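Going by numbering that gives the first Met the number 0, the sequence shown opens with residue 0, and the numbers climb by one from there. Cβ coordinates follow ideal geometry from the N, Cα and C atoms, glycine included. Please read all numbers here as calculations on a predicted model, not as lab measurements.
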Amino acid sequence: MSTVLITGAARGLGLDFVKQYAAKGWKIHACARAPEALKQVKGDIHPHTLEVTDYAAVKALAGELKGEAIDVLICNAGISGKEATVLGAIDPVVWRETFEVNTLAPLMMAEAFADHVAASKDRKLVAISSRLGSITFANNGRYSYRASKAALNMEWKGLSVDLASRGLICVVLHPGWVQTDMGGATATLTIEQSVPAMVKVIDGLKPADNGRFLNYDGTELPW
Ligand SMILES: NC(=O)c1ccc[n+]([C@@H]2O[C@H](COP(=O)([O-])OP(=O)(O)OC[C@H]3O[C@@H](n4cnc5c(N)ncnc54)[C@H](OP(=O)(O)O)[C@@H]3O)[C@@H](O)[C@H]2O)c1
């Protein structure tokens, strides 16, 4: 049996990751601040209440699951940091919160669960990043969000080097622009077009993919 752990699992892309892995018969550790929505999904689902910036809770969960192999860890929880969007309206509080959730929390998850992933068959450490974090595609505005995802990308690149000797495959994925609360109704992709495609990409990851930045369809993105 294969096991996946997903953060931000109660809505948006996270909830569909839960549905996709449930349909594949995987055991799912579904982490969310309010896991009630997970009751609607049938499968081997283990809900955990988790605020990803509560690092004591992250450590406690890692301790609770000590000795359990986790094939795929998906750090999906994220925020848009919308208010810190243009020069003249930079709010340090929003900036710090965006970095806390999008950048520091995934690294703390990776640190807490690296042993669980290393003990598994698949050994995949995945972060849901964004094309907006690509410095090659840099554009105006969205300062905190872009920077938080660029920093996340750098972290995952570092993890890919640090953890290569333990056989981990560390990859950042861009889901596309998707119709979720964050992406909005005018986004170009539906959740059903994005998440199953990302699951297919994750399924196909090989050791040679360690340290890559991939689009939801598996094509390479420039850092
Ligand atoms: N949608 C897009 O177009 C798009 C594009 C590029 C990248 N992404 C990335 O994809 C990921 C998922 O986004 P989405 O579109 O599904 O957004 P969403 O619908 O807004 O969902 C965000 C998820 O993150 C969770 N979350 C936020 N802060 C959290 C915290 N402090 N602790 C625990 N969970 C927290 C939310 O949980 P609650 O329900 O408790 O708030 C929710 O489950 C994010 O990392 C986002 O940056 C999305």
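At a cut-off of 7 Å, would you count residue 174 as near ligand 1, judging by its Cβ distance to the nearest heavy atom? yes
Can you give me the start and stop residues for the alpha helix (DSSP H) that residue 190 sits inside? 190–202
Would you say the beta carbon of residue 35 is closer than 7 Å to some non-hydrogen atom of ligand 1? no
Since residue 105 sits in a beta bridge, which residues does DSSP pair it with? According to DSSP, residue pairing for residue 105 in a beta bridge does not occur.
If you run the structure through DSSP and keep just helix, strand and coil, what is residue 14? helix
Between which two residues does the beta strand (DSSP E) carrying residue 123 extend? 123–127
Return the first residue and the last residue of the alpha helix (DSSP H) that residue 98 is part of. 91–98
Check the DSSP bridge columns for residue 47 and list the partner residues they point to. 30
Just to confirm, does residue 182 get its C-beta within under 7 Å of one of the non-hydrogen atoms of ligand 1? yes
What is the C-beta distance between residue 37 and residue 9, in whole angstroms, given that I count them as a contact (C-beta under 8 Å)? Confirmed, Cβ separation roughly 6 Å.
C-alpha gap between residue 61 and residue 106, whole angstroms: 14 Å
With three or more beta-carbon pairs closer than 8 Å as the criterion, would you say the segment 152–171 touches the segment 121–134? yes
Rounded to whole angstroms, what is the Cα-Cα separation between residue 168 and residue 183? 31 Å
Neighbourhood of residue 80 by C-beta, 6 Å cutoff - its chain only, sequence neighbours within 5 removed: 93, 97, 143, 144
To the nearest whole angstrom, what separates the beta carbons of residue 140 and residue 189, a pair I think is in contact under 8 Å? Contact between residue 140 and residue 189 is absent: CB atoms are separated by about 25 Å, not below the 8 Å threshold.
Quick one: does the C-beta of residue 139 sit closer than 7 Å to a heavy atom of ligand 1? no
Which word fits residue 159, buried or exposed, when buried means at least 16 other C-beta atoms lie within 10 angstroms of its C-beta? buried
Rounded distance between the beta-carbons of residue 23 and residue 40, thought under 8 Å: Actually they do not touch by this definition, with Cβ atoms about 13 Å apart.
Could you tell me which residues DSSP pairs with residue 218 in its beta bridges? According to DSSP, residue 218 bridges with nothing at all.
Under 7 Å: does the beta carbon of residue 48 sit that close to some heavy atom of ligand 1? No, the beta carbon of residue 48 sits no closer than 7 Å to any heavy atom of ligand 1.
In this structure, does DSSP put residue 71 in helix, strand or coil? strand
Boundaries (first-last residue) of the alpha helix (DSSP H) holding residue 85: No residue range can be given for residue 85, since it is assigned to no alpha helix (DSSP H) and is classified by DSSP as neither H nor E.
Taking C-beta to C-beta, are residue 12 and residue 201 nearer than 8 Å? no
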